[in-house]
Every structure is written in C-alpha cells, then in structure tokens.
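Undergrad:
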Amino acid sequence: MVPVRLTGPRLAIREFHHTPEDVEALYAVFGDPEATRYLPFETRDREDCADQIEQYLEEAHQEERTVYRLAVTRLADAEDPADAAPIGNAALGLGDRRSASLGYALRRDVWGRGYAGEITELLCGLAFGALGVHRLEARVDVDNAASVRVLARAGFRPEGRIRHDVRPGGRRHDSYRYALLAEEWPGPAGR
3 MVPVRLTGPR LAIREFHHTP EDVEALYAVF GDPEATRYLP FETRDREDCA
53 DQIEQYLEEA HQEERTVYRL AVTRLADAED PADAAPIGNA ALGLGDRRSA
103 SLGYALRRDV WGRGYAGEIT ELLCGLAFGA LGVHRLEARV DVDNAASVRV
153 LARAGFRPEG RIRHDVRPGG RRHDSYRYAL LAEEWPGPAG R
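Our numbering numbers the first residue of the sequence shown as 3 and each following residue consecutively.
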C-alpha cells in the first residue's frame, strides 16, 4: 500500500490509524445523529467505528485499490498530520470507465469553516491527478444546502434528482446527483 497523504492550506488527508484516538474521532462524526443526518447510514457506536477503520485499512491494502476512506485532520493540530486527531473523513470510490464518487463528513463543531470545500478540492486533485479519473460524481440529500453549495463552488454540475433514494431504516428521501469532468475542473486553488 502506498499511503495517501494530501495537504491543503489548512487540512491534511491521510489514511486512518487503528488507534483509540482515530476510533474516537470517527465516532465523534458517525455517532452524532446531526452529523449523519444526510449520510446513507444510521449513527454508529464506537465498536462499529473501530470495525469501520479496520475495513478501511483492509481496503487500503487491496492489490487493486478501489476505495479510499481517509481521515481529515487540521494542520494546526499537530506538527505532523499523521499525529493529529481526525475531524472527519473523506471518501473516493472508483467505478467503471475512469469514474469515481466522492463524499465527506465532518464533526459538527467544525462546520461552517470552509473545510468541506477544501476536502472536495483535495479529493478532486487525487481523483483527476494520480488516479486518472475522467468523471467524478457526488450524491447529496436535497435538504443538504451546505453540500450543494460546496459542490457548485467546486464546479460540479447538477445532473438530476434521484427520487425516493433509500435511506437508513427504509426511509426514502430525494437526492441530487452532481458530476464534474476532468476537463471542467479548474485545478487546485491559486493556480
């Protein structure tokens, strides 16, 4: 496995560590009903979060890696981002024909600081750069106005509405589908 390490102006994205600190950090996101409100699963307990990190590391060690579930840390929290406690997670799932999907989730106390936009930019850089993706897509709950804004600012274009998208517990809720093509991506900020 070649570990993923991405660095932005304020954030770093790295592989999760199977440590009590990373488990607790993931639980701070996935155990919070408000933070998981728009995610495609219900809240998780600490044991589930430990199991998730174990799965993330197994996926990272696959010979042909198709899933990247990564820890998001703040550069200001440690000299080395590998030592910082995560404030959220970022995900890229590779699909067929040089496509991928992206997602992210953050701890509620760090919302509203522009971190989701920075995560999206870093994931676009990984997808369109090293991974050679041509098409990147995201699904977002129609009520998640903040993520809709993040995707629009990153250059993603709306492609339609998925009616009665299945959610945890059999609930149905509509989602929007957004996509960005490699030639549409403006590249890293400041370029």
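C-beta atoms are modelled at their ideal positions from N, C-alpha and C, and glycine is treated no differently.
Could you tell me whether the Cβ atoms of T122 and A148 are closer together than 8 Å?
TA: Your numbering for residue 122 matches position 120 in the sequence shown. Your numbering for residue 148 matches position 146 in the sequence shown. No; because the gap between Cβ atoms is not below 8 Å, this pair is not in contact.
Undergrad: Rounded to whole angstroms, what is the Cα-Cα separation between A102 and L72?
TA: Position 100 of the sequence shown holds residue 102. Position 70 of the sequence shown holds residue 72. Approximately 15 Å, taken between the alpha carbons.
Undergrad: Ignore the nearest five residues each way along the sequence and tell me which others in R193's own chain have a CB closer than 7 Å to its CB.
TA: Your numbering for residue 193 matches position 191 in the sequence shown. Its pLDDT being 39, under 50, R193 is placed unreliably by the model, and the measurement read from it follows with that caveat. Answer for R193: no residue qualifies.
Undergrad: Inspect the beta-carbon positions of L153 and Y117 and report whether they are closer than 8 Å.
TA: Against the sequence shown, residue 153 aligns to sequence position 151. Against the sequence shown, residue 117 aligns to sequence position 115. Going by C-beta atoms, L153 is not nearer than 8 Å to Y117.
Undergrad: Considering only DSSP beta bridges, list what A95 is partnered with.
TA: Working through the sequence shown from its first residue, we reach residue 95 at position 93. The displayed chain sequence assigns Gly, not Ala, to residue 95. Its beta-bridge partners are V69 and S103.
Undergrad: Would you grab the beta carbon distance between R76 and R12 for me? Rounded to a whole angstrom, and I think it's under 8 Å.
TA: Locating residue 76 in the sequence shown gives position 74, where the first residue counts as 1. Locating residue 12 in the sequence shown gives position 10, where the first residue counts as 1. About 6 Å; that satisfies the 8 Å criterion.
Undergrad: Alpha carbon to alpha carbon, how far is E17 from D176?
TA: Stepping through the sequence shown from its first residue, residue 17 is reached at position 15. Stepping through the sequence shown from its first residue, residue 176 is reached at position 174. E17 and D176: Cα-Cα distance of roughly 31 Å.
Undergrad: Hey, would you say V6 sits closer than 8 Å to A107, going by beta carbons?
TA: Along the sequence shown, read from residue 1 onward, the residue named residue 6 stands at position 4. Along the sequence shown, read from residue 1 onward, the residue named residue 107 stands at position 105. Going by C-beta atoms, V6 is not nearer than 8 Å to A107.
Undergrad: Looking at the secondary structure, which residues open and close the alpha helix (DSSP H) in which V144 lies?
TA: Stepping through the sequence shown from its first residue, residue 144 is reached at position 142. No alpha helix (DSSP H) contains V144, which DSSP labels as neither H nor E.
Undergrad: Determine whether the beta carbon atoms of L94 and A129 lie at a separation below 8 Å.
TA: Position 92 of the sequence shown holds residue 94. Position 127 of the sequence shown holds residue 129. Cβ distance < 8 Å, so L94 and A129 count as in contact.
Undergrad: Give me whichever residues DSSP pairs with V74 in a beta bridge.
TA: On the sequence shown, residue 74 is found 72 positions in, with the first residue counted as 1. Answer is I15 and G90.
Undergrad: Under three-state DSSP, which class holds T9?
TA: Within the sequence shown, numbered from 1, the residue matching residue 9 stands at position 7. Reduced to three states, the DSSP call for T9 is strand.
Undergrad: How many angstroms separate the CA atom of W113 from the CA atom of N91?
TA: Indexing the sequence shown from 1 puts residue 113 at position 111. Indexing the sequence shown from 1 puts residue 91 at position 89. W113 and N91: Cα-Cα distance of roughly 13 Å.
Undergrad: Given a cut-off of 8 Å, decide if E36 and A87 are closer than it, judged by their beta-carbon atoms.
TA: Looking up residue 87 in the sequence shown gives position 85. Looking up residue 36 in the sequence shown gives position 34. Not closer than 8 Å, so no.
Undergrad: For a quick check, are the C-beta atoms of C51 and Y70 less than 8 Å apart?
TA: Indexing the sequence shown from 1 puts residue 51 at position 49. Indexing the sequence shown from 1 puts residue 70 at position 68. No, they are not a contact pair.
Undergrad: State the DSSP-derived secondary structure class of D24, mapped to helix, strand or coil.
TA: Locating residue 24 in the sequence shown gives position 22, where the first residue counts as 1. In the structure shown, D24 sits in a helix (DSSP, three-state: H, G or I).
Undergrad: Taking Y178 as the reference, give the member of T45, Q57 and R151 with the closest Cα.
TA: In the sequence shown, counting from the first residue as 1, residue 178 sits at position 176. For the residues T45, Q57 and R151, the minimum Cα distance to Y178 belongs to R151.
Undergrad: Look up D62 in the DSSP assignment and say whether it is helix, strand or coil.
TA: Along the sequence shown, read from residue 1 onward, the residue named residue 62 stands at position 60. One detail in the question is off: residue 62 reads as Ala in this sequence, not Asp. Helix at A62.
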